[in-house]
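Chains as they are written, first to last, in the working numbering: chain A, -2 to 85; chain B, 16 to 403; chain C, 2 to 379; chain D, 7 to 173.
Beneath this line is the structure, given in C-alpha cells, with notes to follow.
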Amino acid sequence: MSEWVEVSNTGTLLTYTVTRYAVPSIQPQKPPFALGIIKLDGADTGMVHLLGEVELSAIRVGMRVKAVFEEVRQGSYLDIRYFKPLEI
Amino acid sequence: MKRLVGIVGVGQTHHKSRNADCNGQELISIAVKRALEDAELTIADIDAIVIGNMDHFESINCADMWSVDGSGSYMKPIMKVTTGGTTGSAIGHAGFYHVASGLFDTVLVIGWEQNSESDTTAAISTCFDPITEREYSAGAIGPLAAQYIAYMSKYGATEEDAALVSVRDHNNAALYNPYAHLRQIINVEDVMKSPYISYPIKLLDMCPRTDGACAVIFASEKKAKRITKTPAWIIGVGDCHILVHLADGIGLPNLPSLENAARQAYRMAGINDPFNQIDVAELYIPASTAGVSWMEALGLCEEGGGPRLIRSGITNMGGKLPINPSGGVLATNPIGATGLLRIGEAALQVMGKAEKKQVEGAKVALATGFGGCFWSDVTVLSSSPSLE
Amino acid sequence: MDRVGIIGIAQTKYARYNPASHAELAYEVTVRALEDAGLTIEDIDNTVTVCNDFWDGRTISCMTITEATGSHRVPTTNVEGDGTYGALMGLMHLLSGIHEIALVVAQSKVSEGIPSVITNAMFDPVYERVLGLDAINSAALQMRSYMSKYGISEEQCARVSVKNHKNAKANPYAHLPMDITVDDVLKSRVLADPIKLLDTSPISDGACAIIMARERTAKKRHARPIWIRGVGHCTDLYHLGDRDLTEAPALALAAKKAYKMAGIHNPLKQIDVAEVYDAFSYMELMWIESLGFCEPGHAGEIVDSGMTEMNGALPVNPSGGVLAAHAVQVAGLARIAEVVLQLRGEAASRQVEGARVGLAHGIEGACGQGHCVFILEK
Amino acid sequence: MEERKEASEALSIKCVADMPYNYHAGFYYSRFLKELRDNKRIIGVKCSKCHKVYVPPRIVCRDCFLKMEEFVPVSDTGTLLAFTITNFSYIDTTTGEPKRIPFTAAFIRLDGADSNIVHCLDETDERNIRAGMRVRAVFSNNRTGDYFHDIEYFSIMRRQNEERQSP
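Below you can see the structure in the form of C-alpha cells.
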C-alpha cells in the first residue's frame, strides 16, 4: 500500500473497558483508566486508545469521540493524549 | 521417506547492521514478497506459514501472531518454532515436515531478526541457567573461544587457520553476495591485527549481528514440479540438541551434535562419502574458529584435519568443495533467519540460481544450523529427488 | 490422513506455586507418560517441546528441559505457542513417515513472572503496548463488544465459571475446584469491567506430556489408542482494531478443516465432549459458537439451558477447563489429555458416559487470535 | 517537498520495560545452594547406574535417563579446562546494569565430578592462565544461597602448580 490518506480526528467507540488493577511498569496511568477501540471516521479499522474527560460510568458503546492531542508532541502514539466524548 | 518435498522459492532482504527504516513486519514483508516472486506465486497459493525468531531480541511475545501484518498470512495456519541459534534451520525442518506430513502442499517459512533493537549479548546470555551459569557466560562467544583453545592445543591448529576461514567468508560475501551485511575484502593480517574480543577470538573472527529476514517456500512433489523446473529437493534432515549446561560443552572439540545430526541426514540422503558426494556447503559457522574445528564432525576430513582442509584452499570458491559462497554467518547474522539462509542459499545452488555465488554444476548441497547449547541441525539438498 | 494414535498421557496437579524447576516438572510428566504408554525412553524417536521465552524468562527456553524430556537423544524441535500446536508438530513428524513414536511435552511456571507484563509484550510495541494492554483488559474489550452485539449478559458468562469450577471438583489435576454461585462471580472484584476476578483463569504451574504413534505401532503398543481424526489451525489479524472481536473466524475455519478431515458435518450430534480454551468465562461462549455447536450469539441460551453441563447434550470442559487451571502453553495440551481420558473411559467421576468422539482446542495470542482444533476418536 | 521528507523519517520507540522473574531453583538446585550457604560444601548428584557425578546437581542422568537421588559431596578444588577473558561490556540481565569487565569465565572440572561448572577466576591476564591449571573455590564469609556470591571466585593454586612443573 502506498496511498497515504488523512482520516478524521473524530470517531465512534466500538468497545471499552476500565482497568482497575495496577501494573505500574506497563500502564500509562494510575488505575482506574479507560481504554476503548475507536473507529475513526474515514477509517475501516479501529484503534485502541485511552478515553479521557469522561465519567467512567458514563462511557457507552457507540459514543462519538474526538482525539485530544498533546501540546508538545514527541513522535509517540501518546501524542494523542486520549479520546474524549464529542459534544454536539 | 513417503512424500518428496522441494524448495521452490527463496527471498531475502538486503541485510544491514541497523535497519531503522522499517519495522520487523515490513522487513518480513520484503523477504516474503521476494520469495513469492522467485516462485512466481502469490500469498493465496500458500497453505501454511512457519515463522521463527528469538523473542528477546525484539521483545515481542507471540511473534507468530504479530507477523501476520508482514507476511500477509491473515486467516491462514501459522506456527512458530524457536530453538535459539538453530531457529532458522529448525523452521526449515518444520516447513519440511508440514509438507512431508501431507497436511499442507505449499508452505512459507519465514525467519527474521531485528537484532539492532536490543543488546544481543545480553539477550543471548539469558539462555544460560540463571542460577548456576548466567553470571559469567557472555553470550555465545565465551564457549566458542574456550572450545578453540582446546582444539588448538590438541591438534596444532593456529589462530591463522581461523583467520583463513574469516578471509574466505568475508571475501565471498564481498565479491559474490549483494545481500550480505559485511562486504569487505580482508586478508589474514587484517584478522590477526583485529582486537581480541574473547581470546583467541578476534573481532574479525566473529559473526556480526544483523537486521534481516529470509523466506523460503517448500512444496509437495506435485506442486513443486508445477511451480519450477528446478526444485531443490530436501533429501536428508537431522537434528541433535544435546546439552542443557553450557559448561558440559567444554572439552568437545569435535562437535558431537553436528556429527550426530549429519549422520541422520546422510543416512536419509544416502550419503556415505560426504567429501566427494557434496558439491557445496553453507555452514552455520558463528566464529571462524568453528570453521576449522567442526569440519571433521561433518565427515569432510579426518579427526584433527580441519587445519589441513582450510590451508589447502579446497573450501574456497573454485576449490573442490566450496564452503559458504554467500559469505555465511561471518558476513550476515540475523539470528532467527541465519539457519534458514543456509538452507535457502544451498537451495539456490542446486537450483542453479545462485548467480555470482554459483558453484558450477552443484547438484548436492549441505546446510547446517548451530545454536542452543552446542546443538546442530543438518539439511541435505539435491537437484534430483534421490542420489543415484 | 494416516492414523496416528495417542498412547500415553500425563499431567501434574496444577497449582499456584510448584517448587519444582522446569526440568523437574518436565521429567515428571515425561516419565509418567512413558509409564502410561508402557514404553521406555528408548522407544521415543522424536520429541517436541513447547517452551516460550517470555513465560519462562530466558532465551532458548527449551534448553532447560532438553535432557529432562530425553530430547537430546533424538530429533527434536520446540514450538512456541499453545500445547496444541506442539501436538500438531509431533503429529506432522509421524505423518511424514520418518518417525514412529513422538513425545510432546509442555511445562509452565507462570508463577515465576508477571503475566500482565509478559502479555503486554504481545501487543504492538509502537501503538498498543504504551496503553497498558495485557491479557485481561484486552479480553475485557472483547467481552464487552461480544456482549453488546448479541445481548449476552454478565450472568450468562458467570454461569460458565460456576460450571467449570464445579466440574473441577471431580478432576484431581485441577488447580481451582470450587463451589461458587453466579452471584459470587458477579460480586467478585472488578479487574477490567466487565471482567471480574471469577471470570478469569488462575496463575498455575504445571506440566503435561502426550505420546503418540503411527497406527501399526500404536495398536501394537497400547490396548486403547485414541485416534487423531482431524486437526486444523488458523490465525486472525493482529491489531485488535483490525478485527471484529465479536467473532472468531479463525476458529471457525480451523474447526471446518478439522471437521472435514474427521467427517463431521453435525458437530453437536457427532461430538460427545469438548474441552475448549476458556481463559476467561466469556471465551467458552464465543468458542462454542465458532465451533458450530450453536448459531452466533446463541451461546448464552445454550448455557442457560444446561446443555454444556456434565449431564447435558454436550458437556464442555468436564475437567474444569482453563478457568480451573491455567498453566500457559500447557493448557491446550491438557485439553487433549482430558479428552483422551474421557474417550478411554478413565475420567472417573467426571466421565461423560459413552464418549466416543471429543474435541480439544487451544488458542494463541490476544483475544484468541490463533486457534488449533483437534478431533479425537476412540 | 518538505512534507514528504518528514513523512519518510523513520522513528524508533524506546522500550525499557522491566520484566521481573522470580526463578524457582527447584529441589536439586535448592539442595546445592543450601549446602553452599550452610556448610560451605559443594555437592553433586550421582547416577545409580553409570555412577557419574553431576555438578550442579540435576534430576536426570542424560545418558541413563534415570532420576538421580544420591547426593554426594565433591571437592572445592578442580582443574581448569578452558577459560575466556571477556573484554566487551553488555547489559547484565540480572541487574540491568552494564557488565563489569574484564572478567575471566572459567570452565572447571571439580575433583570428584564428571561434569563441569562455570565460574570466574581471580586473574584476567591471559599470560598467567593455562588450561590444566589447578584451581580452588574461594567462599564468601557472608553466604546467602547464591552460587555466584557464595563462591566469590576460583583462585589459581599457583604454588602447587609451580612445584608440579619444576620437578
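No residue lacks a Cβ here, since even glycine has one placed at the ideal position from N, Cα and C.
Computed from a predicted structure; not experimentally measured.
Review point. Taking the alpha-carbon positions, what's the C:ILE289 to C:ASP237 distance?
Key: Against the third sequence, residue 289 of chain C aligns to sequence position 288. Against the third sequence, residue 237 of chain C aligns to sequence position 236. CA-to-CA, the gap between C:ILE289 and C:ASP237 works out to about 17 Å.
Review point. For the alpha helix (DSSP H) that contains C:GLN271, what are its first and last residues?
Key: In the third sequence, the residue the question calls residue 271 of chain C occupies position 270. Boundaries of the alpha helix (DSSP H) around C:GLN271: 268 to 271.
Review point. Sorted by chain position, which residues of the same chain lie with C-beta nearer than 8 Å to C:VAL5's C-beta, five sequence neighbours on each side aside?
Key: For this step, residue 5 of chain C is matched to residue 4 along the third sequence. LEU92, LEU95, LEU96, MET213, ALA214, ARG215, GLU216, ALA219, TRP228, ILE229.
**Study point:** C:GLY313 versus C:ILE153 - alpha carbon distance
**Key:** Reading the third sequence from its first residue, position 312 is the one you call residue 313 of chain C. Reading the third sequence from its first residue, position 152 is the one you call residue 153 of chain C. So the alpha carbons of these two residues sit roughly 21 Å apart.
Review point. Cα-Cα, which of B:MET283, B:GLY351, B:ASN275, B:ASN331 is closest to B:GLY314?
Key: Here residue 314 of chain B is taken as the residue at index 299 of the second sequence, counted from 1. Just measuring C-alpha positions, the residue of B:MET283, B:GLY351, B:ASN275, B:ASN331 sitting nearest B:GLY314 is B:ASN275.
Review point. Buried or exposed: D:CYS56, going by 16 or more other Cβ atoms within 10 Å of its Cβ?
Key: Along the fourth sequence, read from residue 1 onward, the residue named residue 56 of chain D stands at position 50. D:CYS56 should be labelled exposed.
Review point. With distances taken from CA atoms, which of B:THR383, B:MET366, B:LYS169 is nearest B:ALA54?
Key: For the purposes of this step, residue 54 of chain B is taken as residue 39 along the second sequence, with counting starting at 1. Comparing Cα positions, the closest option is B:MET366.
**Study point:** C-alpha distance - D:GLU8 paired with A:TRP1, whole-angstrom precision
**Key:** For the purposes of this step, residue 8 of chain D is taken as residue 2 along the fourth sequence, with counting starting at 1. For the purposes of this step, residue 1 of chain A is taken as residue 4 along the first sequence, with counting starting at 1. Bear in mind that the predicted position of D:GLU8 carries a pLDDT of just 39, short of 50, making it unreliable; the figure below should be weighed with that in mind. Going by C-alpha positions, D:GLU8 is about 16 Å away from A:TRP1.
Point to revise | Residues in the region 85 to 97 of chain D having any Cβ partner in chain B nearer than 8 Å | key: Using a CB distance below 8 Å, the part of the region 85 to 97 of chain D facing chain B consists of LEU87, ALA88, PHE89, THR90, ILE91, THR92, ASN93, PHE94, TYR96, ILE97, ordered along the chain.
**Study point:** Nearest-angstrom Cα separation, counted from B:THR394 out to B:ALA178
**Key:** Residue numbering aside, residue 178 of chain B sits at position 163 when the second sequence is read from its first letter. Residue numbering aside, residue 394 of chain B sits at position 379 when the second sequence is read from its first letter. Spanning the alpha carbons of B:ALA178 and B:THR394 requires a straight line of approximately 26 Å.
Point to revise | Residues near B:CYS255 by beta carbon distance below 7 Å, same chain, minus five either side | key: Translated into the one-based positions of the second sequence, residue 255 of chain B becomes position 240. So the list reads SER272, ASN275, ALA276, TRP390, SER391, once near-sequence residues are dropped.
Practice item. Quick one: residues in its chain with C-beta nearer than 7 Å to the C-beta of C:MET308, no 5 flanking neighbours on either side, listed in chain order? Key: As a first step, residue 308 of chain C must be located in the third sequence, where it is residue number 307. Once the five neighbours on either side are set aside, the close Cβ partners of C:MET308 are ALA314, LEU315.
Practice item. Please name the residue in C:SER109, C:MET123, C:TYR15 whose C-alpha comes closest to that of C:HIS240. Key: Indexing the third sequence from 1 puts residue 240 of chain C at position 239. Of all alpha-carbon atoms in C:SER109, C:MET123, C:TYR15, the one lying nearest the alpha-carbon of C:HIS240 is that of C:MET123.
Review point. So what does B:PRO246 bridge to, in DSSP terms?
Key: Mapped onto the second sequence, residue 246 of chain B falls at position 231. Per DSSP, none; premise fails for B:PRO246.
Point to revise | Sequence-distant residues of its chain with Cβ nearer than 6 Å to D:ASP120 (five each side left out) | key: Counted from its first residue, the fourth sequence places residue 120 of chain D at position 114. Correct list, in chain order: LYS58, VAL59.
Review point. Do the region 282 to 296 of chain C and the region 255 to 270 of chain C make contact, defined as three or more Cβ pairs closer than 8 Å?
Key: Touching, yes, given that three or more Cβ pairs across the two stretches are closer than 8 Å.
Review point. Using a beta-carbon distance below 9 Å, is D:GLY50 in contact with chain C?
Key: One-based indexing of the fourth sequence puts residue 50 of chain D at position 44. No, its Cβ sits nowhere closer than 9 Å to a Cβ of chain C.
Practice item. Give a yes or no on whether 9 Å exceeds the smallest Cβ distance from B:ASP288 to chain D. Key: In the second sequence, the residue the question calls residue 288 of chain B occupies position 273. Not an interface residue.
**Study point:** Segments of 3+ residues assigned as beta strand (DSSP E) that fall wholly inside the region 239 to 323 of chain C
**Key:** Taken in chain order, the unbroken stretches of beta strand (DSSP E) that lie wholly in the region 239 to 323 of chain C and span 3 residues or more are 274 to 276.
**Study point:** Where B:GLY26 falls: helix, strand or coil (DSSP)
**Key:** In the second sequence, residue 26 of chain B corresponds to position 11, counting from 1. Here B:GLY26 sits in strand by DSSP.
Point to revise | Residue of C:ARG33, C:GLU310, C:VAL127, C:ASP243 minimising C-alpha distance to A:ASN40 | key: Taking the first sequence and counting its residues from 1, the one referred to as residue 40 of chain A is at position 43. The amino acid at residue 40 of chain A is misidentified as Asn; the sequence shows Ala. Ranked by Cα distance from A:ALA40, the options C:ARG33, C:GLU310, C:VAL127, C:ASP243 are led by C:ASP243.
Point to revise | Terminal residues of the beta strand (DSSP E) in which B:GLY314 lies | key: On the second sequence, residue 314 of chain B is found 299 positions in, with the first residue counted as 1. Per DSSP, B:GLY314 lies in no beta strand (DSSP E) and is assigned neither H nor E.
Check your understanding: Is the beta carbon of B:THR304 sitting closer than 9 Å to the one on B:TYR214?
Key -> Counting from 1 along the second sequence, the entry for residue 304 of chain B is found at position 289. Counting from 1 along the second sequence, the entry for residue 214 of chain B is found at position 199. In this structure, B:THR304 lies away from B:TYR214, with their beta-carbon atoms at least 9 Å apart.
Review point. Got a sec? Which residues, its chain only, sit under 7 Å from C:GLY346 by beta carbon, not counting five neighbours each side?
Key: Indexing the third sequence from 1 puts residue 346 of chain C at position 345. So the list reads GLN352, once near-sequence residues are dropped.
Review point. Taking 8 Å as the line, does the beta carbon of C:ALA349 fall inside it for any heavy atom of the ligand MN?
Key: Looking for the ligand MN in the displayed structure turns up nothing, as the structure carries no ligands at all.
Check your understanding: If we call anything under 9 Å between Cβ atoms a contact, is B:SER414 one with B:ILE66?
Key -> Only positions 16 to 403 of chain B appear in this structure, which leaves residue 414 of chain B out of reach.
Review point. Is the shortest distance between the beta-carbon of C:ILE153 and the beta-carbons of chain D less than 9 Å?
Key: As a working mapping, residue 153 of chain C is identified with position 152 in the third sequence. C:ILE153 has a beta carbon lying at 9 Å or more from every beta carbon in chain D.
Check your understanding: Can you give the Cα-Cα distance for C:THR182 and C:LYS164, rounded to whole angstroms?
Key -> As a first step, residue 182 of chain C is located in the third sequence; it is residue number 181 there, counting from the start. As a first step, residue 164 of chain C is located in the third sequence; it is residue number 163 there, counting from the start. In a straight line, the C-alpha of C:THR182 is about 9 Å away from that of C:LYS164.
**Study point:** Cβ-based contacts, 8 Å cut-off: residues of the region 42 to 56 of chain A near chain C
**Key:** Against chain C - using a Cβ distance shorter than 8 Å - the residues of the region 42 to 56 of chain A are THR42, GLY43, MET44, VAL45, HIS46, LEU47.
Review point. At what residues does the beta strand (DSSP E) containing C:TRP228 begin and finish?
Key: What you label residue 228 of chain C is simply residue 227 of the third sequence in a count that begins at 1. Where C:TRP228 is concerned, the enclosing beta strand (DSSP E) starts and stops at 227 to 236.
Review point. For B:VAL374, which residues from the same chain have a beta carbon less than 8 Å from its beta carbon, with the 5 sequence-adjacent residues on both sides left out?
Key: For the purposes of this step, residue 374 of chain B is taken as residue 359 along the second sequence, with counting starting at 1. Counting only residues of its own chain and dropping the five nearest sequence neighbours on each side, B:VAL374 has a CB closer than 8 Å to the CB of ASP294, VAL295, MET332, PRO337, PRO340, GLN364.
**Study point:** Three CB pairs or more closer than 8 Å across the region 221 to 231 of chain B and the region 31 to 50 of chain D
**Key:** Flag = no, the region 221 to 231 of chain B and the region 31 to 50 of chain D do not touch.
Review point. Can you tell me whether DSSP reads B:GLN364 as helix, strand or coil?
Key: Numbered from its first residue, the second sequence carries residue 364 of chain B at position 349. Looking at B:GLN364 - three-state DSSP - the assignment turns out to be helix.
Check your understanding: How about D:ASN184: is its C-beta nearer than 9 Å to some C-beta of chain B?
Key -> Lying before the first or after the last residue shown, residue 184 of chain D is absent from chain D, which here runs from 7 to 173.
Review point. If you follow the beta strand (DSSP E) that C:MET213 is part of, which residue opens it and which one closes it?
Key: For the purposes of this step, residue 213 of chain C is identified with residue 212 of the third sequence, where counting begins at 1. 206 to 215 is the span of the beta strand (DSSP E), which, as asked, contains C:MET213.
Exercise for review: On the DSSP bridge assignment, give the partners of B:MET221 in chain order.
Suggested key: Position 206 of the second sequence, counting from 1, holds the residue named residue 221 of chain B. Residue pairing by DSSP puts B:MET221 in a beta bridge opposite B:ALA302.
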